[in-house]
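Residue numbers (my numbering): 196 to 436. For every residue, glycine included, the Cβ atom is placed at its ideal position computed from N, Cα and C. Encoded as structure tokens, the structure appears first; notes follow it.
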Amino acid sequence: MHQNKTIALGNPSYVWRAGQERRMAMIQRYTDLQDAVILDAGCGIGVYVAHFRAYSDNVHGVDIDPERVAEASQLLPNIRVASAEQLPYPDNMFDVVLSHEVLEHVGDDRAAVSEAVRVLKPGGRLVVFVPNRWYPFETHGVMWRGQYHFGNKFFINYLPNVWRNKLAPHVRAYTGHELKRLFDGHPGHFVAHKRIFAGYDNLIKRHPRLGRALRSLTYALERTPLQVLGLSHFLVYQKGA
């Protein structure tokens, strides 16, 4: 059961390390968190919710997994069971909505984006992190001959959709065009969009010099056209009036 949940929903952030700290700094750069009304749509066990509460008491989180919600609720208020496609909030409620590595797992990613935009106040910002189709590895594992195989799998993302979707039917990866197309028909505009590389926290823990060198190199690549090979998209969308 635990394995099936991991396959379908992915693993949320369990610990706060350099990679999460960097992503939090990116969120802060493009949003005003101070005393904001904030939603983490797909909050897992509430790691980002907890850090948002350093800036605001009005922070909410939803997740489709009751077990993760129960764990988060032991320490955090305003955590509810709900899907990203059906948010239990009124229109125009939030200043900031975070969707952190969630859209790739939902049943209807376009509906999830529509819901996030719906609950944003005019001028509010949606921050999205999702897997990049041009990253050389599929990080969620693959299905092969009826068995699920965990781990990073090279080249899967570069296969045509008909083959990739057979090997990784449980998770999406997006090109920039595919990601932005999810916002078609909504009033607003894109504030930022780039690809970012991994934090390599696990590698640094095992091999500090190698991990830090790789992190420095790939972070430098984010300032070049080779950012197209980054691990994840980082996108910020501002809702119109």
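In the DSSP assignment, Tyr432 falls within the unbroken beta strand (DSSP E) covering 427 to 434.
Bounds of the alpha helix (DSSP H) holding Ala408 are 403 to 416.
Val322 and Leu298 do not touch by the CB rule: their CB atoms are close to 12 Å apart, not below 8 Å. The Cβ atoms of Ile351 and Arg340 lie no closer than 8 Å to each other. Here DSSP, grouped into helix, strand and coil, assigns Trp211 to coil. Around the beta carbon of Thr419, fewer than 16 other beta carbons lie within 10 angstroms, which makes this residue exposed. Within the same chain, Leu270, Leu271 come within 8 Å of Ala245 by CB-CB distance, once the 5 residues on both sides are set aside. With distances taken between CA atoms, His255 lies nearest to Ala267 out of Ala267, Ala307, Pro261. Beta bridge pairing from DSSP links Arg320 with Val291, Gln433. Below 8 Å, enough C-beta pairs join the region 296 to 313 and the region 225 to 242 to call them touching: three or more. Proximity to Thr370 across Phe429, Val264, Ala231 peaks at Phe429, based on C-alpha coordinates. Closest option to Asp396, judged by alpha-carbon separation, among Leu409, Phe385, Val291: Leu409.
In this structure, Val257 sits near Leu282, with a CB-CB distance shorter than 8 Å.
Out of His335, Arg320, Asp286, Arg217, the CA that lies nearest to the CA of Val431 is found in Arg320.
Taking Phe385 as reference, the option from Tyr225, Ile274, Met219, Ala277 with the minimal CA-CA separation is Tyr225.
Distance check between Leu426 and each of Glu417, Lys434, Gln433 places Glu417 closest, using alpha-carbon atoms only. The beta-carbon distance between Pro317 and Gly435, rounded to whole angstroms, is 7 Å. This is short enough to meet the 8 Å contact definition. Going by DSSP, Gly383 is part of the beta strand (DSSP E) stretching over 383 to 391.
With respect to the 8 Å criterion, Arg275 and Val264 are classified as neighbours on the basis of their beta carbons.
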